[in-house]
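Engineer:
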Ligand code: C5P
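The structure is reproduced here in structure tokens:
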């Protein structure tokens with residue numbers, strides 16, 4: 018890690034239960050090709066020369082288990098630390114950020130649930146931050162048309178409008194940030210939470226926090242293999258992608 022911050026640190030929020038995937042182990046510990054999703058995700062980050070440190074936010078009651086798991090998969094060539102995550106993704110990221118040494122100037126945040134992100138995406142995001150973008154997200158165009166609805170669980174949902182598909186992007190991770198920017202927006206969100214009053218809706222990604230406080234976020238090309246493993250079918254697709262990679266080379 019150098020003092021100019023040219024090397025990035027990555028935070029991996031991995032403390033979610035992953036209930037949409039069905040019953041079983043926490044999502045990050047579910048296996049893909051015999052290896053936990055979290056191990057794939059950490060390896061994907063560690064493969065990037067831009068990343069010098071990976072901080073994993075583990076379930077609070079599973080820190081020792083995650084440390085043992087990472088050790089048992091030989092992830093010892095990079096600096097990897099494990100901290101206790103929080104009750105929300107946002108809190109897990111904040112706790113991970115707090116474990117990054119002061120001199121690191123670039124932070125990537127990557128979901129444990131995106132095990133197959135290609136190293137080119139990690140490199141491109143880190144490079145864009147290094148080039149001066151304060152907040153960078155990888156994204157892909159949408160295949161489906163998207164409609165905004167008035168939620169009505171269990172019943173028909175009135176359509177409010179249809180955003181023009183060509184202007185929409187599905188956002189992935191790792192998202193990259195100038196460290197000071199990310200620390201500042203997380204601190205502001207925490208201050209608002211603890212001040213009480215009308216709570217802002219929870220953000221589902223870190224770039225969303227930067228946007229909330231008026232910062233600029235830019236998009237770089239993502240990759241179809243950086244998809245998030247959320248539902249059972251995603252695991253089937255991930256197994257197929259992994260099998261194809263293993264057949265193509267000694268992955
Ligand atoms: O729920 P979702 O799929 O958006 O979760 C995205 C990522 O955030 C996952 O990697 C999950 O483990 C993580 N997370 C977390 N702490 C929580 C909830 C989710 O680290 N309390």
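In the working numbering, the protein residues as written are 18 to 268.
C-beta atoms are modelled at their ideal positions from N, C-alpha and C, and glycine is treated no differently.
Computed from a prediction, not measured in an experiment: that's the story for all the values here.
Look up residue 123 in the DSSP assignment and give the residues it is bridged to.
Structural biologist: Paired residue(s): 25 and 195.
Engineer: Out of 223, 239, 91 and 53, state which residue places its alpha-carbon closest to the alpha-carbon of residue 105.
Structural biologist: For the residues 223, 239, 91 and 53, the minimum Cα distance to residue 105 belongs to 223.
Engineer: Measure how close the beta-carbons of residue 49 and residue 168 come, nearest whole angstrom, since I'm counting them as under 8 Å.
Structural biologist: Residue 49 to residue 168, Cβ: 32 Å. No contact.
Engineer: Could you pull the DSSP bridge partners for residue 48 from this structure?
Structural biologist: Its beta-bridge partners are 53.
Engineer: Tell me whether the region 26 to 42 and the region 237 to 250 touch, counting them as touching only if at least three CB pairs, one residue from each stretch, are closer than 8 Å.
Structural biologist: A contact exists between the region 26 to 42 and the region 237 to 250.
Engineer: Let me confirm a value: residue 253 is counted as buried when at least 16 other C-beta atoms fall within 10 Å, else exposed. Which label applies?
Structural biologist: With fewer than 16 other Cβ atoms within 10 Å, it is exposed.
Engineer: State the start and end residues of the unbroken beta strand (DSSP E) segment that holds residue 98.
Structural biologist: Start and end: 96 to 101.
Engineer: Apart from the five residues just before and just after residue 77, which ones in its own chain have a Cβ nearer than 8 Å to its Cβ?
Structural biologist: 32, 101, 102 and 103, listed in sequence order.
Engineer: Between residue 143 and residue 91, is the Cβ-Cβ spacing less than 9 Å?
Structural biologist: Going by C-beta atoms, residue 143 is not nearer than 9 Å to residue 91.
Engineer: Rounding to the nearest angstrom, what Cα-Cα distance links residue 69 and residue 26 in this structure?
Structural biologist: Answer to the nearest angstrom: the Cα atoms are 6 Å apart.
Engineer: Give me the Cα-Cα distance between residue 61 and residue 150, rounded to the nearest whole angstrom.
Structural biologist: Approximately 22 Å between the Cα atoms of the pair.
Engineer: Are the CB atoms of residue 54 and residue 160 nearer to each other than 9 Å?
Structural biologist: Not closer than 9 Å, so no.
Engineer: Tell me where the alpha helix (DSSP H) around residue 136 begins and ends.
Structural biologist: Residues 136 to 147.
Engineer: Suppose only complete runs of 4+ residues qualify. What are the alpha helix (DSSP H) ranges in the region 60 to 119, listed by chain order?
Structural biologist: Listed in chain order, the complete alpha helix (DSSP H) runs (minimum 4 residues) inside the region 60 to 119 are 80 to 89 and 106 to 114.
Engineer: Spatial neighbours of residue 117 within its chain, please: C-beta separation below 8 Å, excluding the five flanking residues on both sides.
Structural biologist: 26, 28, 70, 72, 124 and 196, listed in sequence order.
Engineer: From residue 225 to residue 121, what distance separates their C-alpha atoms?
Structural biologist: Using only the alpha carbons, I get a separation of about 22 Å.
Engineer: Assign residue 131 to one of three DSSP states: helix, strand, or coil.
Structural biologist: Reduced to three states, the DSSP call for residue 131 is coil.
Engineer: Measure the beta-carbon distance from residue 134 to residue 67 and round it to whole angstroms, keeping in mind my assumption that it falls under 8 Å.
Structural biologist: Actually they do not touch by this definition, with Cβ atoms about 13 Å apart.
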